[in-house]
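Below is one structure, written out as structure tokens; the observations come after it.
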Amino acid sequence: MGKTSKDKRDIYYRRAKEEGWRARSAFKLLQIDNECHILDGVNKAVDLCAAPGSWSQVLSRRLNENYKKELEAGNGIPPKIVAVDLQAMAPLEGVIQIQGDITNINTAKQIIAQFDNEQADLVVCDGAPDVTGLHDMDIYIQGSLLMAALNITTHILREGGTFVAKIFRAKDVDLLYAKLKIFFPYVYCTKPRSSRNSSIEAFVVCKDYSPPNGYTPHMLNPLLTHEAYNSSELEGINRVIVPFVVCGDLSQPDSDTCYPLDFEGKEYTYHDPVQTPIAPPYEEALALLENRDTDFRRSDVSVVVDNMNSMTISDFKKQAKQKRKGMNECETKPKDSKEADCEDASGNKEIIDDCDDCKYDRP
Ligand SMILES: C[S@@+](CC[C@H](N)C(=O)[O-])C[C@H]1O[C@@H](n2cnc3c(N)ncnc32)[C@H](O)[C@@H]1O
Numbered sequence: 000m001g002k003t004s005k006d007k008r009d010i011y012y013r014r015a016k017e018e019g020w021r022a023r024s025a026f027k028l029l030q031i032d033n034e035c036h037i038l039d040g041v042n043k044a045v046d047l048c049a050a051p052g053s054w055s056q057v058l059s060r061r062l063n064e065n066y067k068k069e070l071e072a073g074n075g076i077p078p079k080i081v082a083v084d085l086q087a088m089a090p091l092e093g094v095i096q097i098q099g100d101i102t103n104i105n106t107a108k109q110i111i112a113q114f115d116n117e118q119a120d121l122v123v124c125d126g127a128p129d130v131t132g133l134h135d136m137d138i139y140i141q142g143s144l145l146m147a148a149l150n151i152t153t154h155i156l157r158e159g160g161t162f163v164a165k166i167f168r169a170k171d172v173d174l175l176y177a178k179l180k181i182f183f184p185y186v187y188c189t190k191p192r193s194s195r196n197s198s199i200e201a202f203v204v205c206k207d208y209s210p211p212n213g214y215t216p217h218m219l220n221p222l223l224t225h226e227a228y229n230s231s232e233l234e235g236i237n238r239v240i241v242p243f244v245v246c247g248d249l250s251q252p253d254s255d256t257c258y259p260l261d262f263e264g265k266e267y268t269y270h271d272p273v274q275t276p277i278a279p280p281y282e283e284a285l286a287l288l289e290n291r292d293t294d295f296r297r298s299d300v301s302v303v304v305d306n307m308n309s310m311t312i313s314d315f316k317k318q319a320k321q322k323r324k325g326m327n328e329c330e331t332k333p334k335d336s337k338e339a340d341c342e343d344a345s346g347n348k349e350i351i352d353d354c355d356d357c358k359y360d361r362p
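Quick note: the sequence shown, position 352, residue 351 per numbering that gives the first Met the number 0, numbers continuous.
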């Protein structure tokens, strides 16, 4: 099928080319608008994560139509559209472009600077990170991108304005909805027909921007600063302080201290664990160890070194190496001569504990 295969498979891909949209995503925004009327009366808009630019095209066409209508009514203001993306984007007439990462504070500041003393009626974000294939990770990154977009939005959206953003409908999506609901009384999750059913992608349409009373937009979000944020810089409703309660007083033992075994005058007796793990994650490793010739879990596995007090690390390594060599030699001797040969001058039997292949018979 060659070059036509995708055209044949995907009607939206084909239509996008026929109608002059840079990507099939254009239909997602158009379909959301058909249902939710997000572009009605909009004059200033921001397109976050905009490349290659089909949403910016939709915004440009529709905002210019709005402008024409306003002109006819005698009170038109030229529309303003700002598009941002990590990737460079081919120019689009009437669209201001910024190349940068929306999770970076400097990009966020550049976007906000474009709206000096002005506010946007609409912010859209079709941002999608490069998928890692690790689903949980991809979902988490998508959520973070959405929160970065929301953070920028709180700086530039006028009260009553609309925010539209891609969201992954996955585990914990309710937490994202809950955060959005703090700023928008109306939060809808929409799924345009042009968004594949096989994809967990959907779009939140958040209407009537109403930040909490006294809320001041800030950039102390760690995602945007890459630094731990200092909550003491925040005041009023912007500062959430969760009470910290210590349970237990100073008469209780401290969990970071090592206490003697006869602590509180009691003689220490060992007790087996009340309940040993029924399927410990290390079970397989233990089974493998059972089959090894050298079982390092036995208490007699040790390294005996001479003159420990005056020894440097390199001396220790040297001595251990020599002892290992001695062990290997004893391994090649007939079985009944092993023990005698592997005794050191003081008569100690030695086993080098990092010698996997040592076949020395332990007592
Ligand atoms: C699905 S595409 C957007 C398509 C666009 N809405 C259109 O209609 O042409 C997702 C875009 O998000 C951008 N993106 C992902 N993470 C970003 C970030 N942190 N900052 C800026 N752009 C980002 C990618 O570079 C990519 O171009």
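Ideal Cβ placement from N, Cα and C applies to all residues, glycine included.
- Of the residues assessed, tyrosine 11 falls on the buried side of the cut-off, its CB having 16 or more other CB atoms within 10 angstroms.
- Beta-carbon to beta-carbon, valine 204 and threonine 189 are separated by about 5 Å, close enough to satisfy the 8 Å threshold.
- Look at lysine 43 here: in three-state DSSP terms it is strand.
- Residue Asn150 holds the alpha-carbon nearest to the alpha-carbon of histidine 217 among Ala227, Asn196 and Asn150.
- Secondary structure of phenylalanine 262 (DSSP, three-state): helix.
- Here threonine 161 is buried: its Cβ has 16 or more other Cβ atoms, across all protein chains shown, within 10 Å.
- In the same chain as aspartate 39, and ignoring 5 residues on each side of it, no C-beta atom comes closer than 7 Å to its own.
- Pairing threonine 102 with alanine 22, the inter-Cα distance amounts to about 24 Å.
- At the C-beta level, threonine 106 and valine 130 stay beyond 8 Å of one another.
- Cysteine 205: member of the beta strand (DSSP E) spanning 200-206, first to last residue.
- Collapsing the DSSP output to three states places cysteine 35 in a helix.
- Residue pairing by DSSP places threonine 161 opposite Leu121 in a beta bridge.
- In this structure, DSSP gives tyrosine 11 a helical state, which the three-state scheme calls helix.
- A residue is called buried when at least 16 other Cβ atoms come within 10 angstroms of its Cβ; aspartate 120 meets this threshold and is buried.
- Under the three-state reduction of DSSP output, valine 83 falls in the strand class.
- Rounded to the nearest whole angstrom, the CA to CA distance from asparagine 42 to leucine 156 is 12 Å.
- Set against 7 Å, the gap from the CB of leucine 219 to the closest heavy atom of ligand 1 is not smaller.
- Take valine 57, set aside five residues on each side of it, and the residues of its chain with a beta-carbon closer than 7 Å to its own are Ala25, Leu28 and Leu29, in chain order.
- Scanning its chain for C-beta atoms nearer than 7 Å, with the 5 sequence neighbours on each side dropped, one finds around isoleucine 37 the residues Ile31, Leu121, Thr161, Val163 and Val204, in chain order.
- In terms of side-chain proximity, the C-beta atom of proline 77 is found no nearer than 7 Å to any non-hydrogen atom of ligand 1.
- Going by DSSP, isoleucine 110 is part of the alpha helix (DSSP H) stretching over 104-113.
- With respect to the C-alpha of glutamine 96, the residue from Gly52, His270 and Lys170 having the closest C-alpha is Gly52.
- If you check the C-beta of cysteine 246 against ligand 1, you find no heavy atom less than 7 Å away.
- Following the DSSP letters along the chain, one finds isoleucine 97 in no alpha helix (DSSP H) but inside the beta strand (DSSP E) bounded by residues 94-98.
- The beta carbon of leucine 85 is closer than 6 Å to those of Asp100 in its chain, skipping five residues each way along the sequence.
- Taken through DSSP and simplified to helix, strand or coil, leucine 133 comes out as coil.
- Under the 10 Å beta carbon count, isoleucine 312 is surrounded by fewer than 16 other beta carbons and is classified as exposed.
- Nearest Cα to leucine 174 within the set Pro252, Asn196 and Leu145: Leu145.
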